[in-house]
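J.: Dropping the structure in here first, questions after.
Numbering (our numbering), first residue to last: 9 to 201.
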């Protein structure tokens, strides 16, 4: 009897095994993330707030862009003029910006290497959403006010990084567990290896 109750209890537990990120209620699996990374995918170099260049692992970059795409869409939908803005309209704007270039050619001109075209389209959609939001800000829309009033829950598997819900920012550096510490490499004593 106890074994039956234990199994029933385990079945009732909600598991996040295989989840890379949950973005505003939408679950993205590790398999989904892997679909956007090829063996040739290169880390992405970005400039940090302090001016230093950081290297973002491919899978963390994918998670970041998936979050940014959904956040951008949510922000745009809160701009009165764009409440009914669709993915089809976003793709049309992106294709107009491409002006005949392929998504792969455009994304690789930005320094990305080794990702499938399906992911490059996401990156370019994020860029287009940023451009649209910047245009709205220049036209007088208070994007920061919209952002601070936005309910946008994100839960990231720590292997990919972390989400700062107050700053609406993604940190691709996985946290180091408290029981680990980084120790500088020690010099070997003469005569030892």
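Using N, Cα and C, we set each Cβ at its ideal position, and we do this for glycine too.
Here the structure is a predicted model, which is why all the values come from computation and not from measurement.
Apart from the five residues on each side of it in sequence, which residues of its chain come closer than 8 Å, Cβ to Cβ, to residue 72?
T.: Cβ within range, chain order: 64, 169, 178, 180.
J.: In the segment 56 to 88, which residue ranges form an unbroken alpha helix (DSSP H) of at least 4 residues, counting only runs that do not cross its ends?
T.: 66 to 85
J.: Along the chain, where does the beta strand (DSSP E) containing residue 178 start, and where does it finish?
T.: 177 to 179
J.: Examine the ligand ATP and report whether any of its heavy atoms sits within less than 7 Å of the Cβ of residue 156.
T.: The ligand ATP is absent from the structure shown, which contains no ligands of any kind.
J.: One question on the structure: do residue 154 and residue 81 come within less than 8 Å of each other, judged by their Cβ atoms?
T.: Cβ distance not < 8 Å, so residue 154 and residue 81 don't count as in contact.
J.: Residue 53 and residue 61: beta carbons closer than 8 Å?
T.: yes
J.: Among all the DSSP beta bridges, which residues are the ones paired with residue 53?
T.: In the DSSP secondary-structure assignment, residue 53 is bridged to 63.
J.: In terms of alpha-carbon separation, which member of 166, 160, 174 lies closest to residue 77?
T.: Looking at 166, 160, 174, the one whose alpha-carbon comes closest to that of residue 77 is 160.
J.: Can you round the beta-carbon distance between residue 27 and residue 172 to whole angstroms, since I take them to be within the 8 Å contact cut?
T.: Wrong, their Cβ atoms sit about 19 Å apart, outside the cutoff.
J.: Alpha carbon to alpha carbon, how far is residue 38 from residue 152? Give it in angstroms, no decimals.
T.: 31 Å
J.: Taking the beta carbon of residue 137 as the centre, do at least 16 other beta carbons fall within 10 Å, making it buried, or is it exposed?
T.: buried
J.: For the beta strand (DSSP E) holding residue 27, just list the boundary residues, first then last.
T.: 27 to 31
J.: So residue 167 is in the beta strand (DSSP E); what residue range does that whole segment cover?
T.: Note, residue 167: premise wrong, no beta strand (DSSP E); not H, not E.
J.: Let me make sure I understand the geometry here. Which of 45, 59, 79, 57 has the alpha-carbon closest to that of residue 66?
T.: 45
J.: Run through DSSP, which three-state label would residue 36 get?
T.: strand
J.: Could you work out which residue in 118, 87, 167 is closest to residue 146 when comparing CA atoms only?
T.: Taking each of 118, 87, 167 in turn and checking the Cα distance to residue 146, the smallest one comes out for 87.
J.: Once DSSP output is grouped into helix, strand and coil, what is the label at residue 162?
T.: strand
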